[in-house]
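Residue numbers (full-length UniProt numbering): 1 to 429.
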């Protein structure tokens, strides 16, 4: 019981949705998890920054090349899928900062100066640059790296309080940037890959040129980053909650394969059908988006809490503005659900996964069949016809297999139960 109270003391929930560590200056006991920052963690942070910048450079380069080639429509659509998601990310990042200051003012008072993220997001000029160059996740990655290095420095000099303080701040920033990366990946990268694949399918003439290489590079880097973003988000959520076991490397690999393969199948499915009926595909995606948004609003009561002002009493009826913000936030999460399921509350997900991935399977098979039977004879004789049939279906089944392996063998709770069961058997013998 004492351990449970200790765990809750160090965990707060942003709007009742996203768990985050809380550092209490009045508490002197050490939390159950050792505040240690490994070399591998620092390397991953640096690699994440570099990968995001490379992905951003590919996307901007493609937009510029469309403009230089006088492909104005493709340039506008590419720019649209770059700027709008980036703008949404900056707004969500600023909202997180405000909630951090309101929910845990002690954390904001630990240092007199503002972090890089707080300083840039609050300034209008820097905010415009952050939107234009998709820098919201990079800024938060930078702050996370700074806190990690400070925690390591405090560890070397024996400053336990400073080490613990910066470790918790690092966890909080890491969780925020993981969520921002998900929004960036599935609001910008996923639609961007659908657009680029659709263009390739409609206009590819078997010539490998510089534009084709850039499109292919953008698609590959974005697909990898989307799988990694989902896996790192779930890992950071567990790392922030001291009453939950940390995910091991096998669990992380299974999660990465799960999200990566399912995302690949969804993007290919949308791209294939969009190459034939772009308007009907857009309408189908909008219907799926609206259905998922309604499901989120019905199922997740914490969405409303995330958009509430923290200076208002919890029992007060939400204002119209708060309700509008909650619907807008649910719409953002609903967009993610076009490609993959994002669990925003800590609850049982078995039935949710069965419903969501069952729906995705039906959509994938339907789109694949429609594409196969409505292609021109020339397209059916092309090299990519047999190649595309397999990636639309096989990755989905492999992704579901990886998900099943994760929950049956490598989930931290499952692993703990297996260890306890083996110990009990050894004692009985």
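Glycine is no exception: its CB is placed at the ideal position from the N, C-alpha and C atoms.
Proximity to residue 294 across 269, 326, 275 peaks at 326, based on C-alpha coordinates.
Just so you know, the alpha carbons of residue 255 and residue 228 end up roughly 9 Å apart. If you compare the alpha carbons of 351, 396, 349 with that of residue 361, the shortest gap goes to 396.
For residue 48 against residue 141, the beta-carbon gap comes to about 6 Å, under 8 Å, which counts as contact. Assigned with DSSP and collapsed to three states, residue 276 falls in coil, not helix or strand. Residue 359 carries a helical assignment under DSSP once its states are collapsed to helix, strand and coil.
Residue 55 sits away from residue 232, with the two beta carbons spaced by 7 Å or more. In this structure, residue 219 sits away from residue 367, with a CB-CB distance that is not shorter than 7 Å. Taking 7 Å as the cut-off, the beta carbon of residue 261 is found closer than this to the beta carbon of residue 398. When the Cα atoms are used, residue 402 and residue 257 turn out to be separated by approximately 6 Å. Residue 148 is positioned such that its CB atom lies no closer than 7 Å to that of residue 43. Three or more pairs of CB atoms, one per stretch, sit closer than 8 Å, so the segment 336 to 353 contacts the segment 172 to 186.
Under the DSSP assignment, residue 329 falls in the alpha helix (DSSP H) whose first and last residues are 320 to 336. In the structure shown, the three-state DSSP call for residue 151 is helix. Around the beta carbon of residue 50, fewer than 16 other beta carbons sit within 10 angstroms, so the residue counts as exposed. In the displayed model, residue 158 falls within coil according to three-state DSSP, outside both helix and strand. Relative to the Cα of residue 82, the nearest Cα in the group 135, 94, 39, 369 belongs to 135.
Nearest to residue 364 by alpha-carbon distance, out of 75, 393, 39, is 393.
DSSP places residue 64 inside the alpha helix (DSSP H), whose first and last residues are 39 to 68.
In this structure, the beta-carbon distance from residue 259 to residue 292 does not fall below 7 Å.
The beta carbon of residue 180 sits closer than 7 Å to those of 89, 92, 93, 136, 137, 140, all from its chain and outside the five residues before and after it, given in chain order. Short of 8 Å from the beta carbon of residue 199, and not among the five residues preceding or following it, lie these beta carbons of its own chain, in chain order: 74, 215. Residue state for residue 87 is assigned as helix, using DSSP reduced to three classes. The distance from the Cβ of residue 52 to that of residue 251 is about 24 Å, inconsistent with a contact at the 8 Å cut-off. When the five nearest sequence neighbours on each side are left out, the beta carbons in the same chain lying within less than 7 Å of the beta carbon of residue 370 are those of 273, in order along the chain. Here the C-alpha atom of residue 309 lies approximately 10 Å from the C-alpha atom of residue 95. Non-local C-beta neighbours of residue 194 in its own chain, meaning closer than 8 Å and more than five positions away in sequence, comprise 267, 270, 271, 274, ordered along the chain. Listed in chain order, the non-local C-beta contacts of residue 296 below 8 Å within the same chain comprise 303, 330, 333, 334, 337, 344, local neighbours out to five positions each way being set aside.
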